[in-house]
Amino acid sequence: MAAKISLDSAMYPIILLMAFAIPLSTAAASIAVALGAIFIIFYSLKTKNSPQFDSNILEVLAVYLVCQIFIAAASWNPIISFREVFGEFHRFFPLIFAMTFIKKREQLCGVLILSLFAFLINDLAGIYQYFILDEPRAFGFSHTPTFYGSFMLIQLPILIFITQLDFLPPNWKFLAIFTVSLTLICLILSMTRGAWLAFIGVAMIFFAVQKKYRKFTAKIFAALAIIFLIVTLISPKIQDRIATLTDKNFQSNTERVLMWKSATEIFKDYPLCGVGQKMFFKAYNEQYISPEAKEKGHTQPHNNLLNAASEGGIIGLASFIGLYSYFFWKFFTQFKREKNFAFGAGLTAFLILAGLQLEGLTDTNIIQVPIMREFWLLAGILIAAEKILKKN
């Protein structure tokens, strides 16, 4: 029992560190993930007994990773592809850590509050960049404005979830409401058009599946829409960016279409295993780039499905669809079991994943380390939240 308690005691601070670090520092998040893995290995060797992980999720992840290993073995450059497979493997660790070791209401509160602080800092950084430094697009602590938009899609549902928790003190809920407003503003300031459209799609999905609380949540989305409108009206740059959505001659639009066509050609030529993980860059820029393309150096086709198909062929595409279909199903069935308030844990996780995949129709966000670490961490937290909220 002492060994078990010591493992739980060691893992909770690590999860807290991940909750705070992932949106802000890739290096600190990597340290937290590594420490968690070391503690679990040490515990297993010392006690000759592994922690009780969710066997169903482990099986799904194992099938997915076996497919990735098979693809890497057939890659144009197996060394690079196997390195990417290992990188993707440890991105799942936050999911396993959170869903296994968050067991109490106090722990749930702790990780959500630290996540709230990290989101607030990330938002303030983006607002400072745009309004004070006069950056053309806010990017916060992300590598690019595009993936900053992805983080905002992740933040919005979980922040609204936090505002719904009755056992949180009012001050924290008010801070979450304030941060929701900042996050929406930062979503706009990221100028990420795919994220804007994904946000609209997420709102439509919510109203399609959530009937009981439509009036209440309609007020939330109306308030968010008003914020969006006000920020747009005071910024000519945002108005110009919106206008490019339907501009067929806008270079970013035409380049994406050309990359999609090239990714399709790669898939046709390498239908079973694709060209291997991280090999789109080589295939596209050296062999498959269109003569009409004006931009070179792209590392991914700006579409999650086409990235999986071109780099992994049928095996990669099927494993990609299978993995995320499973989690869509898991989150949706959790939502059907909960229904105790408007933004339950299952629905929150479902909407986060929906936002990422909708934006992933125009940007390959699913291969970005910080984005996926944040998603898997929150997925684990929200899966754990179901049991915790049932007890209270």
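Numbering (our numbering) for the sequence shown: -7 to 384.
Don't be surprised by glycine CBs; every beta carbon is placed ideally from N, CA and C.
Check: Local Cβ density within 10 Å of Val329, reported as buried at 16 or more and exposed below that; Outcome: The residue you asked about is not Val; residue 329 is Arg in the sequence shown. It counts as exposed.
Check: Closest Cα partner of His290 within the set Lys260, Phe324, Leu250, Phe323; Outcome: Leu250
Check: Alpha carbon of Val367 to alpha carbon of Ala21, nearest angstrom; Outcome: The amino acid at residue 367 is misidentified as Val; the sequence shows Phe. Cα to Cα, the separation comes out at about 13 angstroms.
Check: Leu394 versus Tyr4: straight-line alpha-carbon distance, rounded; Outcome: Absent from the model: residue 394. The displayed extent of the chain is -7 to 384, so no value can be given.
Check: Limits of the unbroken alpha helix (DSSP H) element including Gly304; Outcome: 296 to 330
Check: Any alpha helix (DSSP H) of 4 or more consecutive residues that is wholly inside the segment 59 to 108; Outcome: 70 to 83, 85 to 93
Check: Anticipated Cβ contact below 8 angstroms, Pro283 with Thr356, distance rounded; Outcome: Their Cβ separation, rounded to whole angstroms, is 23 angstroms, which puts Pro283 and Thr356 out of contact at 8 angstroms.
Check: Cα-Cα separation, Leu50 to Leu108; Outcome: 29 angstroms
Check: Span of the alpha helix (DSSP H), counted from its first residue to its last, around Lys229; Outcome: 228 to 235
Check: Beta carbon of Leu148 nearer than 9 angstroms to that of Leu112; Outcome: no
Check: Residues of its chain near Ile219, where Cβ-Cβ distance is below 7 angstroms and the 5 sequence neighbours each way are ignored; Outcome: Ser173, Leu176, Ile177
Check: Option in Thr256, Ser42, Thr340, Phe159 with minimal Cα separation from Glu98; Outcome: Phe159
Check: Ile180, buried or exposed, once every other Cβ within 10 Å from all chains shown has been counted against 16; Outcome: buried
Check: Same chain only: Cβ atoms within 8 angstroms of Ile72, ignoring 5 sequence neighbours per side; Outcome: Gly268, Gln269, Lys270, Met271
Check: Boundaries of the alpha helix (DSSP H) in which Ala351 is found, first to last residue; Outcome: The residue asked about is misnamed: residue 351 is Glu in this sequence, not Ala. Counting along the chain, the alpha helix (DSSP H) containing Glu351 begins and ends at 337 to 351.
Check: Anticipated Cβ contact below 8 angstroms, Thr325 with Phe153, distance rounded; Outcome: That pair is no contact at about 18 angstroms.
Check: Selected residue, minimal CA-CA separation from Ala195, among Glu80, Gly347, Ile375; Outcome: Gly347
Check: Whole-angstrom C-beta distance between Phe89 and Ile7, which should lie under 8 angstroms; Outcome: 6 angstroms
Check: Ile94 to Glu257 span [Cα, whole Å]; Outcome: 45 angstroms
Check: At least 3 beta-carbon pairs within less than 8 angstroms: the segment 129 to 136 vs the segment 28 to 35; Outcome: no
Check: Proximity winner among Leu145, Gln156, Thr171, Arg206, relative to Ile182 (alpha-carbon distances); Outcome: The sequence as given places Ser at residue 182; Ile does not occur at that position. When each option's Cα is compared against that of Ser182, the closest is Leu145.
Check: Span separating the alpha-carbon of Tyr262 from that of Asn69; Outcome: 14 angstroms
Check: Reference Leu369, options Ala2, Gly28, Leu297, closest by Cα; Outcome: Gly28
Check: Close Cβ partners of Glu127 (< 7 angstroms) along its chain, the five nearest in sequence each way excluded; Outcome: Gln121
Check: Contact under 9 angstroms by Cβ, Asn299 with Ile359; Outcome: yes
Check: Lys274 versus Ile373, Cys265, Lys288, residue with shortest Cα-Cα distance; Outcome: Lys288
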